[in-house]
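Only one structure is covered here, and it is reproduced in the block below.
In our numbering, the protein residues as written are 9 to 306.
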């Protein structure tokens, strides 16, 4: 007869007022003694002793678990703010081309020339001054690009990423073009006046200029810079990329450090990666110690 079949002779166990059935004499005794406390569910994060969280050592605050499971990112800038910052960086870096051009004209040597009936010619067969002018411009341009990338990386942390790289590249090209035009125009009017009015055989100097860089027009319309006028953008882009590659944060933004707590002996801050509860003792009997009497054999 199955338990679902009605049997008029089956005795129904009495029920206490709380609704739980009372044990009857016919029921077999249980092998395990009754427990004084009802079984409870696994301890939650708040029920772990020491204020810890489930799965972590006692004493671990909940903030540390959230730091492990969540990655901190600074709030993203709106697109309008990003465009405004990029424009400001491009304009500021382009204006830095003015002092760069003044410094280039100050450091680079002018080329000595002699006035002839056909125009000005070099005073020396193979002058070194034009090469020196290109070299000084290249060094100054690379230095400006490196300093601009480092300054942008540390001063505008929220612009780190592709937007900062684009701003440095465009602003670097603008700075180099401005420096080139400012440097070559210092003393240019005096040179043109002497070239027109000086008698043949008079020696004077030609202002600095670039021979390994400038702007050429593609199809006679589109101006494209080339040569060492690209060195500001090149130095800035390489430096910025290296800073991003060496960053210890995947998002390129500073992330919080893990919090410390006092849980060790003597109040020493420590991090423990052990289990929350100690291992349960085994039921096997301990081995007899040295010198113990041998148990009687049956």
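Cβ atoms here follow ideal geometry from the backbone N, Cα and C, with glycine treated the same way.
Rounded straight-line distance, which links the Cα of residue j to that of residue i
i, j, result
"residue 186", "residue 123", "30 angstroms"
"residue 149", "residue 239", "6 angstroms"
"residue 189", "residue 109", "7 angstroms"
"residue 229", "residue 250", "36 angstroms"
"residue 234", "residue 217", "15 angstroms"
"residue 256", "residue 134", "52 angstroms"
"residue 155", "residue 204", "42 angstroms"
"residue 116", "residue 224", "24 angstroms"
"residue 94", "residue 241", "15 angstroms"
"residue 199", "residue 131", "15 angstroms"
"residue 183", "residue 121", "30 angstroms"
"residue 245", "residue 147", "16 angstroms"
"residue 253", "residue 181", "23 angstroms"
"residue 145", "residue 139", "10 angstroms"
"residue 227", "residue 142", "27 angstroms"
"residue 193", "residue 222", "14 angstroms"
"residue 174", "residue 86", "17 angstroms"
"residue 201", "residue 157", "41 angstroms"
"residue 137", "residue 106", "22 angstroms"
"residue 90", "residue 258", "20 angstroms"
"residue 165", "residue 111", "30 angstroms"
"residue 206", "residue 163", "53 angstroms"
"residue 213", "residue 92", "44 angstroms"
Reduced DSSP secondary structure (H/G/I, E/B, other) of residue i
i, result
"residue 218", "coil"
"residue 229", "coil"
"residue 211", "strand"
"residue 254", "coil"
"residue 92", "helix"
"residue 235", "strand"
"residue 246", "helix"
"residue 279", "Bear in mind that the predicted position of residue 279 carries a pLDDT of just 48, short of 50, making it unreliable; the figure below should be weighed with that in mind. Coil."
"residue 197", "helix"
Whole-Å CB distance - residue i paired with residue j, under 8 angstroms assumed
i, j, result
"residue 208", "residue 125", "6 angstroms"
"residue 4", "residue 152", "Outside the modelled stretch of the chain, which goes from 9 to 306, sits residue 4, for which no answer is possible."
"residue 196", "residue 215", "5 angstroms"
"residue 220", "residue 236", "5 angstroms"
"residue 159", "residue 248", "Actually they are not in contact, since the Cβ atoms of residue 159 and residue 248 sit about 11 angstroms apart, beyond 8 angstroms."
"residue 232", "residue 179", "In fact, because the Cβ distance is near 17 angstroms, the residues do not count as touching under 8 angstroms."
Buried versus exposed call for residue i [16 or more other C-beta atoms within 10 Å across all chains shown]
i, result
"residue 119", "buried"
"residue 99", "exposed"
"residue 161", "buried"
"residue 113", "buried"
"residue 102", "buried"
"residue 167", "buried"
"residue 243", "buried"
"residue 191", "buried"
"residue 88", "exposed"
Min CB distance residue i to chain D below 8 angstroms
i, result
"residue 239", "The structure shown contains no chain D; it holds only a single protein chain."
Cβ-heavy atom distance, residue i to the ligand SAM, below 7 angstroms
i, result
"residue 106", "Although the ligand SAM was asked about, the structure shown includes no ligands whatsoever."
Report task. Tell me the start and end of each unbroken beta strand (DSSP E) in the segment 97–171 that is at least 3 residues and wholly inside, in chain order. Result -> Considered as a whole, the segment 97–171 harbours 119–124 and 127–130 as its complete beta strand (DSSP E) runs of no fewer than 3 residues, in chain order.
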